[in-house]
Structures are given as C-alpha cells and as structure tokens.
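Peer 1: Okay, handing you the structure first.
Residue numbers (the working numbering): 739 to 929.
Printed below as a string of structure tokens:
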C-alpha cells in the first residue's frame with residue numbers, strides 16, 4: 739500500500755516526501771522504498787509530537803506524525819526546499835501577473851483620460867485658433883469635464899462678443915465709406 743501511495747504521489751505532486759511506519763519499539767515496520775534512507779528515518783523516529791522540524795544533510799524537513807488505532811506511528815517527512823521553490827515560483831508568477839494587470843489598468847486608464855481630457859482640449863484649442871484667424875462664428879461644443887465645459891462657454895461667449903464687435907466695426911466702416919463718398923466731388927466734376 740505504501741509503495742502504491744508513493745507512486746501515486748510522484749515527485750511532481752510531493753517532491754521530497756518520505757514515509758515510514760514505526761512499530762511500538764521504534765523499529766521501521768514499513769517504508770516507502772523509493773526514498774528509504776535509514777539516517778533520515780532516525781530523524782523521523784525522533785518526532786514525538788504530532789509534528790516537528792529537523793535538519794538533515796543541510797535541508798530543513800517538516801515531519802508529521804499520523805495517529806493510528808494501533809501502536810504503530812506513521813511519520814511523513816517533507817523536505818521544505820522544494821516547497822519553498824514552489825512558493826517562490828508561484829509568488830514570482832503572481833507578482834508578474836499583478837504587474838501585467840497593473841500595466842493594463844494603467845494603459846486603459848491613460849487611454850480613457852486621454853480621450854476624456856485631451857480630445858475636448860484639442861477641440862477647444864482648434865476653436866481658439868479659428869477665432870484668432872478672425873472666424874468669430876466658431877463655437878466650441880465640449881462634452882467633457884465641468885471645467886472644460888466652463889472654458890468652452892467662456893470661449894464661445896468671447897467669440898460671440900468679438901463677432902458683435904466685428905459686425906459693429908464693419909458697419910461703421912461702411913458708414914464711413916458712404917460719408918467719404920458723399921464728401922468727395924463726383925468723378926467728372928473736377929475741372
């Protein structure tokens with residue numbers, strides 16, 4: 739049974755595990771033959787509580803004693819090195835995933851903000867440039883933030899005021915030309 743159990747566990751499922759069953763005198767009653775090591779079993783035998791840690795050949799082990807109805811003790815020891823490697827690999831993988839997720843959220847947020855702020859600002863700038871070219875009929879329609887809408891209303895009011903001033907100026911110029919024409923002698927009257 740123990741050999742079949744260890745075969746099913748395999749190195750990938752539980753790397754570095756060791757199993758031994760001790761009788762009431764502390765002798766090995768059964769062991770996982772693939773990983774049997776009498777020196778390691780001596781450390782496992784010393785586990786008196788339900789669990790314990792020990793070092794063996796420079797590696798740390800965690801041993802767990804499984805209670806039975808009989809006087810035998812089943813002790814399972816697991817090398818912590820592969821467990822730490824698995825944890826490190828999973829942590830690195832999760833950190834990489836989180837960094838990628840953070841980058842995607844940042845990129846998405848940046849694109850959203852650019853479209854939400856930059857596009858209305860560009861429309862506002864185009865409107866101001868058109869007004870600078872004396873196109874006073876230009877109006878800016880912005881559906882952005884309240885601040886950008888406030889700026890757009892200000893630009894539109896300015897354009898309206900400049901349009902009114904320009905129309906008044908042009909009307910005054912027409913009147914001035916008409917007055918000038920009346921003051922000058924007719925074309926054939928010079929003599």
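From the three backbone atoms N, C-alpha and C, an ideal C-beta is built for every residue, glycine too. Keep in mind the model is a prediction, meaning the values are calculated, not measured.
1. According to DSSP, is residue 971 part of a helix, a strand, or is it coil?
2. Can you confirm whether the stretch 879-899 touches the stretch 846-861 when touching is taken to mean that 3 or more C-beta pairs between the two stretches lie within less than 8 angstroms?
3. Given residue 865, which residues of its chain have a CB within under 6 angstroms of its CB, disregarding the five upstream and five downstream residues?
4. Do you know how far the Cα of residue 911 is from the Cα of residue 921?
5. With the cut-off set at 8 angstroms, would you say residue 819 and residue 797 are in Cβ contact?
6. Shortest alpha-carbon distance to residue 902 belongs to which of 915, 869 and 919?
7. What's the call for residue 789, buried or exposed, on a 16-neighbour Cβ count within 10 Å?
8. Could you tell me if residue 815 is buried or exposed, where buried requires 16 or more neighbouring beta carbons within 10 angstroms of its beta carbon?
9. Starting from residue 892, trace the alpha helix (DSSP H) in both directions and tell me its first and last residue.
10. For the stretch 783-823, list the beta strand (DSSP E) runs that are entirely contained and at least 3 residues long, ordered along the chain.
11. Using only the alpha-carbon positions, how far apart do residue 836 and residue 828 sit?
12. In terms of alpha-carbon separation, which member of 851, 757 and 853 lies closest to residue 775?
13. Do you know how far the Cα of residue 778 is from the Cα of residue 811?
14. Could you tell me if residue 769 is buried or exposed, where buried requires 16 or more neighbouring beta carbons within 10 angstroms of its beta carbon?
15. Just the C-alpha distance for residue 847 and residue 896, rounded to the nearest angstrom, thanks.
16. Can you list the alpha helix (DSSP H) stretches of 4 or more residues lying completely in the stretch 823-866, in chain order?
17. In three-state DSSP terms, what is residue 758?
18. I'd like to confirm the pairing. Which residues does DSSP put opposite residue 766 in its beta bridges?
Peer 2: Quick answer:
1. Within the shown structure, residues of the chain are numbered from 739 to 929, placing residue 971 beyond reach of any answer.
2. yes
3. As a first step, residue 865 is located in the chain shown; it is residue number 127 there, counting from the start. Closer than 6 angstroms at Cβ, skipping near neighbours: 876, 878 and 893.
4. Position 183 of the chain shown holds residue 921. Position 173 of the chain shown holds residue 911. Those two C-alpha atoms are separated by around 15 angstroms.
5. Locating residue 819 in the chain shown gives position 81, counting from the first residue. Locating residue 797 in the chain shown gives position 59, counting from the first residue. Cβ distance < 8 angstroms, so residue 819 and residue 797 count as in contact.
6. The count along the chain shown starts at 1 and reaches residue 902 at position 164. Comparing Cα positions, the closest option is 869.
7. Taking the chain shown and counting its residues from 1, one reaches residue 789 at position 51. With fewer than 16 Cβ atoms within 10 Å of its Cβ, residue 789 is classed as exposed.
8. Within the chain shown, residue 815 is the residue found at index 77, counting from 1. Burial call: buried.
9. As a working mapping, residue 892 is identified with position 154 in the chain shown. 884-921 is the span of the alpha helix (DSSP H), which, as asked, contains residue 892.
10. 789-794, 797-804 and 811-817
11. In the chain shown, counting from the first residue as 1, residue 836 sits at position 98. In the chain shown, counting from the first residue as 1, residue 828 sits at position 90. Using only the alpha carbons, I get a separation of about 12 angstroms.
12. Taking the chain shown and counting its residues from 1, the one referred to as residue 775 is at position 37. Out of 851, 757 and 853, 757 has the C-alpha closest to the C-alpha of residue 775.
13. Against the chain shown, residue 811 aligns to sequence position 73. Against the chain shown, residue 778 aligns to sequence position 40. Residue 811 and residue 778: Cα-Cα distance of roughly 16 angstroms.
14. The residue you call residue 769 lines up with position 31 of the chain shown. Burial call: buried.
15. Locating residue 847 in the chain shown gives position 109, counting from the first residue. Locating residue 896 in the chain shown gives position 158, counting from the first residue. In a straight line, the C-alpha of residue 847 is about 34 angstroms away from that of residue 896.
16. none
17. Taking the first residue of the chain shown as position 1, residue 758 is located at position 20. Strand.
18. The residue labelled residue 766 in the question sits at position 28 within the chain shown. Residue 766 pairs with 760.
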